[in-house]
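Structure, as C-alpha cells:
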Amino acid sequence: MKYLIDEIYKSVRGLVPNAELCDGAEVELEGWVRTNRSSNKIGFIALNDGSCFQNCQIVYEEDKVANYADVAKFLTGCSVKVSGKLIITEGAKQPFEVNAAEIELLGDCDASYPLQKKRHGLEFLREIPHLRPRTNTFMAVFKIRSVVSQSLHEFFRQNGFVYIHTPIITGNDAEGAGECFTVTTREDGNYREDFFGKHACLTVSGQLHVEPFALSFGKVYTFGPTFRAENSNTPYHASEFWMIEPEMAFCDLKGDMAVMEAMLKYVINDVMKSCPDELEFLNNFVAEKHDLISKLESVVNSDFKVITYTEAVDELIKSGEKFENPVSWGMDFNKEHEVYICEKIAKGPVFLIDFPKDIKAFYMKLNPDGKTVAACDLLVPGVGELIGGSQREENFELLDRRMDELKMEKETLDWYLDLRRYGGVIHSGFGLGLERLLMYVTGVANIRDVQAYSRTPKNLKF
Ligand code: 4AD
Ligand code: MG
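Residue -15 is where the sequence shown starts when you use our numbering, and the numbers rise one by one after that.
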C-alpha cells in the first residue's frame, strides 16, 4: 500500500489522473530528458519517466534552482531526478507541470546520442534496437505489445481456457507449417550421436503438443515463441515470432471462427481503452492513412464476413484484375490476392474457408466433397493472413490414410494418432501471429518494428 501511495507522487502515470488532487503537492520524479530549452532566467525540460506515454514539463527558474547554469546544459537523453511542486496549468495542452526546487543529474548523456530532437526513420532506428525503446513510436508499440499479450491471456482465462506451456525444442518437424531450425551440439550432422540421440529442432507451432491437453481440459491454449527457417524477406515474416494457439474439444470450424472473432474484438477494445495516448500518436504519426482509430472502431462493431476459397477464386477471376500470379482453383493465394479479397471484395476482415486439401496441413478435417478441408484463414486489410486455423481430422482411418498419402514418417507421430484411438472428439483450433496482430493494431508496416530484437534472414544484430 505504501508503495502505491508513493507511486502517485513519484511517477507521471500516478500524477496524471490525480493532478487536481495533487495541486501544490511536493513531487519527485526520475526520468530522461527528451528536450531542454532555456533562457537566462527560466528553462523547460520535457521529462519522460517511462511510466506513461506523456512527458511531464519541468519548469526551472534561475532564482529557485541552485545549479541553474548546469541544468541549462543538460543534454537530450540524460537521466535526472527532479523534486518540486506540482502546478495545475489552466488551458495548456498538458494538465500540469512541475516547478522544480532541485534537479540532480543522475546519468550524463554523451553528445553523440543518436536520438536527437527530430524525427528518425524506422530503418535507422532498426540499427539501434537498444535505444529505440526511448522514442515515442517504440514506447507506443511496446506498451501495446504488453497490453495485447496480457489481454489475450485475460480473454482465455475469462472463458475457461487452461494455459499450457508446450516445448520449444521438439522431435517432430512433421507439422508442415514451415521449415525448421535444427538444434544440435554437433558439427557433423550425426544426429544419432547427438544430444537427444535424434534430429531435434525449434518448434514451428505448439499445436500438435497442445492438442492432447484439449482432449483432457476441453479448452486450452499455448502462447510462446515459434521459429521458421523460411527465407522469406517480407515485411510480414519473421524467423522468430510469437504465436497464440487455442485448441477446443467439442468445437467445429464455426465455433472456432466465433472464438477468433470474439478474441480479436476483446483485445482491440482493451487496447482502445488502455492505450488512448499511444493509439492517438500512432494514428497521427505512424499509420500511413491516419485511419488507425477509425479502423479499429469499425472492426469491433462489424461482423466478420465469411467466404469460401472457391467463391474467392470465382470473384478474383470475375474481377478482371491483372494479377502477377494468375488465379486458378487449387492454387495457394499470394499477397496480391489476399489484399484484393480483403480490400476490394470484403472491405474488412474476412474468413476464407474450405481450402483445397493439397495446399493445407495433413491434420485438417476433410469436407464431405472429398476435395477441400475445414480450414480457415482470417485475412485483414494491410496485413493479410492474421490467423490460420482448422477443424482437425478426428477420424482415425481418414487421418491415417492422409498421412500415408503424404508419405509421412508415422513412427514420430503415432502418439498423435492415439488421440483418435482413445476417446477422440471433434476439435478445432487456430494460430494467431502476435506480431501480425500488433501490426494491425498499431498501423506499423514492418514486422521488424513490433519486435524488440527482430530475427529475419541475415539479421541477428544483437
Ligand atoms: O498458418 P500457420 O502456419 O498455422 C499454424 O502454425 C497452425 N499450427 C496453427 C494452429 O492451427 N494451431 O501460422 C499461424 C499464424 C499465421 O496466420 C500468421 O499470423 C503467423 O502465425 N505466422 C507468422 N508470423 C510472422 N512471421 C512468420 N514467418 C509467420 N508464419 C506464420
Ligand atoms: Mg497459414
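Note that CB positions come from ideal geometry on N, CA and C, so glycine has one too.
- If you keep only unbroken beta strand (DSSP E) runs of at least 3 residues inside the region 364 to 435, you get 368 to 375 and 411 to 417.
- The C-beta distance from T356 to F335 rounds to 14 Å, too long to meet the 8 Å contact threshold.
- The C-beta distance from G415 to M123 rounds to 28 Å, too long to fall under 8 Å, and the pair is not in contact.
- Taking non-hydrogen atoms of the ligand 4AD into account, the C-beta of E322 is found less than 7 Å away from none of them.
- In this model, E10 and A30 are separated by some 18 Å (Cα to Cα).
- No Cβ-Cβ contact shorter than 8 Å links D254 with V428.
- Within its own chain, no residue has a Cβ closer than 6 Å to the Cβ of A76 once the five positions on either side in sequence are excluded.
- Bridge partners of M315 according to DSSP: none are assigned.
- Contact between the region 204 to 222 and the region 381 to 397 is absent: fewer than 3 CB-CB pairs across the two stretches fall below 8 Å.
- Nearest to P333 by alpha-carbon distance, out of L421, R129, V82 and Y52, is L421.
- Shown here, P1 sits in a helix according to DSSP, grouped into three states.
- L90 has its alpha-carbon roughly 26 Å from the corresponding atom of A436.
- By the CB criterion at 8 Å, F28 and Q41 fall inside the cutoff.
- For D361, the closest C-alpha among the options A296, I(-8), S96 and C185 is that of A296.
- For G61, the closest alpha carbon among the candidates H193, R118 and T73 is that of R118.
- Taking each of A53, G105, L109 and P79 in turn and checking the Cα distance to E88, the smallest one comes out for A53.
- Here DSSP, grouped into helix, strand and coil, assigns G304 to coil.
- Comparing alpha carbon positions, the residue from L383, T426, E419 and I128 closest to R405 is L383.
- DSSP places A246 inside the alpha helix (DSSP H), whose first and last residues are L237 to S258.
- Look at D361: its beta carbon is less than 7 Å from one of the heavy atoms in the ligand MG.
- Non-local C-beta neighbours of I343 in its own chain, meaning closer than 6 Å and more than five positions away in sequence, comprise D316, ordered along the chain.
- One thing to note: H274 has its Cβ no nearer than 8 Å to the Cβ of T206.
- According to the DSSP assignment, N120 belongs to no beta strand (DSSP E) but to the alpha helix (DSSP H) extending over N120 to Q142.
- The beta carbons of E299 and I337 sit no closer together than 8 Å.
- For Y52, the enclosing alpha helix (DSSP H) has its first and last residue at Y52 to V55.
- When the Cα atoms are used, I431 and E419 turn out to be separated by approximately 6 Å.
- Under the three-state reduction of DSSP, E111 is assigned to coil, being neither helix nor strand.
- Remark: the C-beta of G368 is outside contact range of the ligand MG, defined as less than 7 Å to any heavy atom.
- One thing to note: A184 has its Cβ no nearer than 8 Å to the Cβ of R439.
- Between V204 and V290, the C-beta spacing is not below 8 Å.
- Selection E264, I325, V194 and P260 evaluated against T292 yields I325 as nearest (Cα-Cα).
- Remark: the C-beta of G413 is outside contact range of the ligand MG, defined as less than 7 Å to any heavy atom.
- Rounded to whole angstroms, the separation of the alpha carbons of R129 and M256 is 13 Å.
- Pairing T187 with T169 gives a Cβ-Cβ distance that is not under 8 Å.
- The alpha-carbon separation between V251 and Q134 amounts to approximately 9 Å.
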